[in-house]
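These notes concern the structure reproduced below.
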Amino acid sequence: MNQSKTSLNPDVVIVGAGVAGIYMLHKLKNTGLTTVVLEKSDELGGTWNWNRYPGARCDIPSLEYSYQFDEELQQDWNWSEKYSAQPEILEYLNHVADRFDLRKDISFEEEVLEAKFNEELSLWDIKTNKEVYQSKFCIFATGCLSVPNKPDIEGLEEFEGQLLSTSYWPREKVDLADKNVAIIGTGSSSIQTIPEIAKEVKNLYVFQRTPNYSIPSNNGPMDKGVEADIKSRYAEFRKENWKNGFGIAGISDEALIAESDIDEVNNQLEDNWKNNGLGFFGGYADVPIDANSNEVAAAFVRNKIKEIVKDPKTADKLSPKYHIGGKRLCVDTGYFETFNRENVHLIDLHSSPINRIGKSNIEADQEYDIDTLILATGFDAMTGALTSLDIVGRNGIILRDQWKQGAKSYLGLGVSNFPNLFTITGPGSPSVLSNMMPSIEQHVNWIADCIGWMIDNNKNVIESSLSAEEEWMDLVNEIAGMTIFKSTESWYNGSNIDSKAKAFLPFIGVPVYTEKLEEVTSNNYQGFIFDTSNN
Ligand code: N01
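Letter by letter, the sequence shown follows residues 61 to 595 of the working numbering.
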C-alpha cells in the first residue's frame, strides 16, 4: 500500500494490545502495511493486564490457552502450572511482544474516543486522547469481557471505605489482613477471588444474587510427561481440539446421557469432575441440548456441593437450580470448601436484597460493617467495548444505535454500514464459547488474508452485506434456540444488564463456524460486498 504512510496515517489502526491486538500486529508486520496499535493502558495484555485480582488464572489448560502461530515459541515456552496464574500469562504476553519486536508499534496510554468513517475518502478518522489518525482499516481487538458492569445499587457512590473491582485490581499488593470485606457477585472472577482472600480477611461477606456451577480445577505444577507428549505433537493436538464443539480438548461430543446407563454416566461425570475442569460434560453431546440429560449433570454437581459444604442451608443457597452450562461454567480452587470457614458468610440476595450501601456498611437482612467492598459484577459482554465509544459508519450511523435492538455482525468479523472495520471475536463468532486463544488466531489469520486478497484484487472497501449479516444472526439464534443457552439468563444473551437488548451473541459450534469461514473465503468472501454500499 502507500509507502509514504506516517504513524498518524497508517494503513491499519488496531485498537487494543491484548492477546488479539498483539498477534494482529505481528501478523501484519511483514506485509508492507504500516500498522499502529493504540492501547489505553500503559501495559499490554488486555484482560490479563486489568484482571489482577488474587487467584486470577486461566481456566483452560495453558498448553491450550497459548498461541500456536509460531512453533518455536510454543516449544520454547514452559508453563509452570496446568492452569497458569495471571502474572505468568502477562509475562508470556510480554515475552511474545519482545520476542517478535512488537512494542515499538504500540502506542500506550492512548485511548480511542471516536472512530468515524470518512465516506469521501473511504478512510477511518480515529480520534484518541492524544492524536487524530487516518487509516484505511480499523481493527477492533478490544476483547469480549473488557467493559465492567457497575451495579446500580443505592449508596454505592457514598461508600467511604476501600472500593475495589476484580476487573481493575490495583497493581500493588492490596493488604486485606484483618479487614471486614464484602464481595458482590459470584461469577468466575469472584469464585477465583474468594478462596484466596478468605485466608487473610477477618470476615468475608459474599453477596450472591445467582449461584454458579463450579468444577474443581485440580490445578497443580505442570506434569512434565504431559507437556513433553503434547509438545511432541503440538500441531496435531491443536487440530484435534479444534474439531470439538467448543474447540477445547476433552470436550468431544460422543455419547448421549439419554441413551447411557445412569451408573456409567455418574462414573464418567465423577472422572470428569476430578480431571476435566471446564470439560466436565466431556463425552456427552446432549448436556447442552436435552433438559433431562442436562439435569443429570446439574444434579451431580449439586450433590457435590452438598457433600463439600457442611452447613446444609449454605449448601442449598450455593446450589444453582438452572441448566448447567447455560451460564458460563466456573472452574475453581477450593471455592465451595471456603464456605466451611467461620469467617466466610453467604448472603443470598434473593431472600435478602441489598437495600443500600452506607458510608461503611451494607444494609441487607442486617447491617454488615465493612472496610472493603469488592465489585465482581461482571462485564457488558461482547459488545461493551464497541458501544462504549462512538464508532460512526456510513451516513453518520453510530454502532451503538445500530445495535440497540441487538448486535448483528457477519461472522463476528464485519458489520454492515461499517466498511473496512473488522472485529476480532465479535458477536456472532464462537469467541466466549470456545478457547479464546485459537479463536483469536483464526480471526487474525482470516483478517490478514482478507486484506491481502483485497490488495491482490484491487479492492478498496469491504463491508458485510446486510442480507448476509441478517441470515447469519438468524442462524446464531436458531442454533442457540435448540440449546439450554437460550433459556438461561446469562451475559451470553445480555440478561446481566437491564438496559441491554436481549439477544444471544456467540455462535455455538467451532467446527461448523470454521467450515463456514472456509466456504466464505473460497467463494471470494461471499457475503461481503466490495467497493459499494448496502444503500
Ligand atoms: O462476571 P459474571 P465475572 N447485584 O458476569 C452478579 C470470564 N472469566 O467477572 O448472575 C448483585 O460471570 C451476577 O449475578 P447474576 C468468564 O468467561 C474467565 O465473574 O447476574 N449481584 C454474577 O454473580 C466469565 O464468565 C476467567 O444474577 C450482581 C456476578 O455479579 C466472565 O469472565 C476468570 C449485580 C458477575 O458474574 C465473567 O466473569 C474470570 C448486582 N447489581 C472471568 N450485578 C478465567 O478463568 C451483577 N451481579 C479465564
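C-beta: ideal position from N, C-alpha, C; glycine also.
Note that the coordinates shown come from a computational prediction; the quantities given were computed from them, not determined experimentally.
Can you round the beta-carbon distance between residue i and residue j to whole angstroms, since I take them to be within the 8 Å contact cut?
| i | j | result |
| --- | --- | --- |
| VAL266 | VAL361 | 19 Å between Cβ atoms; not a contact. |
| GLU170 | ASN189 | 6 Å |
| ILE544 | GLY305 | That pair is no contact at about 14 Å. |
| PHE200 | ILE458 | That belief does not hold up - the Cβ atoms of PHE200 and ILE458 are roughly 14 Å apart, past 8 Å. |
| SER249 | ALA77 | SER249 to ALA77, Cβ: 22 Å. No contact. |
| ILE244 | PRO208 | About 12 Å separates the two Cβ atoms, so there is no contact after all. |
| LYS562 | ASN556 | Going by Cβ atoms, the distance from LYS562 to ASN556 rounds to 10 Å, so no, they are not a contact pair. |
| PHE590 | VAL521 | 7 Å |
| GLY221 | LEU409 | Actually they are not in contact, since the Cβ atoms of GLY221 and LEU409 sit about 20 Å apart, beyond 8 Å. |
| GLU531 | SER476 | Not really, about 12 Å apart at Cβ, beyond 8 Å. |
| PRO121 | TYR143 | 6 Å |
| TYR83 | GLU501 | 6 Å |
| MET497 | TYR127 | 6 Å |
Could one say the Cβ of residue i lies closer than 8 Å to chain D's Cβ atoms, at least one of them?
| i | result |
| --- | --- |
| THR393 | Absent from the structure: chain D. Only one protein chain is present. |
Could you tell me the alpha carbon to alpha carbon distance between residue i and residue j, rounded to whole angstroms?
| i | j | result |
| --- | --- | --- |
| THR107 | MET542 | 31 Å |
| LYS65 | THR95 | Unreliable placement is indicated for LYS65, whose pLDDT of 48 sits below 50; the coordinate value is still reported in the next sentence. Cα to Cα, the separation comes out at about 10 Å. |
| ASP376 | SER420 | 29 Å |
| ILE430 | ASN138 | 41 Å |
| CYS390 | PRO255 | 14 Å |
| ASN492 | ASN240 | At residue 492 the sequence reads Val, which differs from the Asn that was named. Taking the straight line from one Cα to the other gives about 34 Å. |
| VAL73 | GLU260 | 44 Å |
| ASN272 | GLN252 | 12 Å |
| GLN586 | GLY444 | 28 Å |
| ASN178 | ASP346 | 49 Å |
| MET61 | ASN480 | Confidence is the limiting factor: at MET61 the pLDDT is only 48, short of 50, which leaves the residue's position unreliable and the question unanswerable from this model. |
| VAL79 | LYS468 | 24 Å |
| GLY512 | PHE129 | 18 Å |
| ALA309 | VAL325 | 19 Å |
| ASN278 | THR393 | 7 Å |
| ASP289 | SER550 | 37 Å |
| THR246 | SER227 | 14 Å |
| ASN595 | SER206 | 33 Å |
| ASN335 | ILE451 | 44 Å |
| SER559 | ARG159 | 43 Å |
| PHE396 | ILE368 | 7 Å |
| MET533 | TYR470 | 7 Å |
| ILE417 | ALA441 | 26 Å |
| GLU99 | ILE317 | 47 Å |
| LEU162 | LEU150 | 15 Å |
| GLU296 | LYS303 | 11 Å |
| GLY343 | ALA357 | 12 Å |
| ASN301 | GLY307 | 5 Å |
| LEU264 | ASP119 | 24 Å |
| ASP102 | PRO380 | 40 Å |
| VAL234 | TYR294 | 39 Å |
| ASP350 | GLY466 | 27 Å |
| ASP165 | VAL172 | 16 Å |
Using the rule of at least 16 other Cβ atoms within 10 Å of the residue's Cβ for burial, across every protein chain shown, is residue i buried or exposed?
| i | result |
| --- | --- |
| GLN63 | Caution applies to GLN63, whose pLDDT of 39 falls short of 50 and renders its modelled position unreliable; the model cannot decide the point. |
| GLN146 | buried |
| THR592 | exposed |
| SER499 | buried |
| VAL286 | exposed |
| ARG192 | Here residue 192 is Val; the residue named in the question, Arg, does not match the sequence. So VAL192 counts as exposed. |
| ALA157 | buried |
| PRO487 | buried |
| HIS86 | buried |
| GLN426 | exposed |
| LYS299 | exposed |
| GLY280 | exposed |
| ASN363 | exposed |
| LYS370 | exposed |
| ILE322 | exposed |
| ARG117 | buried |
| LEU183 | buried |
| ASP331 | exposed |
| SER353 | buried |
What are the uninterrupted segments assigned as alpha helix (DSSP H) that are 4 or more residues long and contained completely in the region 231-260, given in chain order? Entirely contained in the region 231-260, the alpha helix (DSSP H) runs reaching 4 residues are, in chain order, 248-258.
Along the chain, which unbroken stretches of the beta strand (DSSP E) at least 3 residues long are found entirely within the region 133-201? Within the region 133-201, the beta strand (DSSP E) runs of at least 3 residues that lie entirely inside it are, in chain order, 172-178, 183-188, 192-195 and 197-200.
Inside the region 422-473 only - beta strand (DSSP E) runs reaching at least 3 residues: Every unbroken stretch of the beta strand (DSSP E) spanning 3 or more residues and falling wholly within the region 422-473 is given here in chain order: 427-429, 432-435 and 450-452.
What runs of the alpha helix (DSSP H), each 4 residues or longer, lie entirely inside the region 368-429? Counting whole runs of 4 or more residues, the region 368-429 contains the alpha helix (DSSP H) stretches 372-377 and 395-398.
Minimum length 3: unbroken beta strand (DSSP E) runs contained in the region 463-530: Segments of the beta strand (DSSP E) lying fully in the region 463-530: 481-483 and 522-524.
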